[in-house]
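>
Residue numbers (my numbering): -3 to 198.
1. For residue 180, which of helix, strand or coil comes out of DSSP?
2. Measuring straight from C-alpha to C-alpha, what distance separates residue 116 and residue 153?
3. If residue 58 and residue 136 are in contact, beta carbons under 8 angstroms, what's the gap, nearest whole angstrom?
4. Taking the alpha-carbon positions, what's the residue 174 to residue 20 distance?
5. CA-CA distance, residue 14 and residue 23?
6. Please classify residue 129: is it buried, with 16 or more other beta-carbons within 10 angstroms of its beta-carbon, or exposed?
7. Starting from residue 23, trace the alpha helix (DSSP H) both ways and give me its first and last residue.
8. Cα separation between residue 55 and residue 70?
9. Could you check whether residue 184 and residue 123 sit closer than 8 angstroms to each other, using their CB atoms as the reference points?
10. In the DSSP output, which residue or residues are listed as bridge partners for residue 115?
11. Please list, in chain order, all residues of the same chain as residue 96 whose beta carbon is under 7 angstroms from its beta carbon, the five residues on each side excluded.
12. Assuming the contact rule is C-beta atoms closer than 8 angstroms, residue 200 and residue 147 should be a hit. Round their C-beta distance to whole Å, please.
13. Tell me the DSSP bridge mates of residue 151?
14. Residue range of the beta strand (DSSP E) that residue 59 falls in?
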């Protein structure tokens, strides 16, 4: 517990500050915790990609419970097979929707704020034939490695462990098909320097 007024002089570079516990519980009634992951030395993962995407209702296929899932747009994450450590690398993938709180405050009309119910599915592409792209989604050419939970929250994340040379396909989607939505795809990797170039997004 810290006492006294908010101290903005400490750790200015990372935006952190001290706040009295009584003030904290008085002024905040909801807390969202976002975890990007840390290395053994305590450093946060390195951001390597940030891609903004707008999905039309026609291109929104929903989750794997929908036959239209295979119509979704996808991204291919590849870890280089040479250089760096032979150990698996942690890669954090986040789907972030636009912060609509200010916009909602002016246009709420008594309605509660809600976001699209979104998540991501991770696929392992089978060896493609010559000229075929792993981003052409086909049930016969991809197996589901895992998926995140689908939440009606601003952000949904999943931690991946990628071996050297591994290729994974990330499919962001809404729970139901036919819903237009916008998001940013954020990718962080553990470590710095070599790690930044070890992961490719297509």
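Note that CB positions come from ideal geometry on N, CA and C, so glycine has one too. Here the structure is a predicted model, which is why all the values come from computation and not from measurement.
Reading from the atomic positions:
1. In the chain shown, counting from the first residue as 1, residue 180 sits at position 184. Looking at residue 180 - three-state DSSP - the assignment turns out to be strand.
2. Start at 1 with the first residue of the chain shown, and residue 116 comes out as number 120. Start at 1 with the first residue of the chain shown, and residue 153 comes out as number 157. So the two alpha carbons sit approximately 8 angstroms from each other.
3. Translated into positions along the chain shown, residue 58 becomes position 62. Translated into positions along the chain shown, residue 136 becomes position 140. In fact, because the Cβ distance is near 20 angstroms, the residues do not count as touching under 8 angstroms.
4. Taking the first residue of the chain shown as position 1, residue 174 is located at position 178. Taking the first residue of the chain shown as position 1, residue 20 is located at position 24. Cα to Cα, residue 174 sits roughly 41 angstroms from residue 20.
5. By 1-based counting over the chain shown, the position of residue 14 is 18. By 1-based counting over the chain shown, the position of residue 23 is 27. Answer to the nearest angstrom: the Cα atoms are 14 angstroms apart.
6. To locate residue 129, count along the chain shown from 1; it is residue 133. Under this definition residue 129 is an exposed residue.
7. Mapped onto the chain shown, residue 23 falls at position 27. That run of the alpha helix (DSSP H) goes 17 to 23.
8. For the purposes of this step, residue 55 is taken as residue 59 along the chain shown, with counting starting at 1. For the purposes of this step, residue 70 is taken as residue 74 along the chain shown, with counting starting at 1. Using only the alpha carbons, I get a separation of about 11 angstroms.
9. Your numbering for residue 123 matches position 127 in the chain shown. Your numbering for residue 184 matches position 188 in the chain shown. Not closer than 8 angstroms, so no.
10. The sequence position of residue 115 within the chain shown is 119, counting from 1. DSSP lists 169 as partners of residue 115.
11. Locating residue 96 in the chain shown gives position 100, counting from the first residue. Here the set comprises 109.
12. The structure shown does not extend to residue 200, since the chain is modelled only from -3 to 198, so the question has no answer here.
13. For this step, residue 151 is matched to residue 155 along the chain shown. According to DSSP, residue 151 bridges with 92.
14. Within the chain shown, the letter at position 63 stands for residue 59. Residue 59 -> no beta strand (DSSP E), and no H or E assigned at all.
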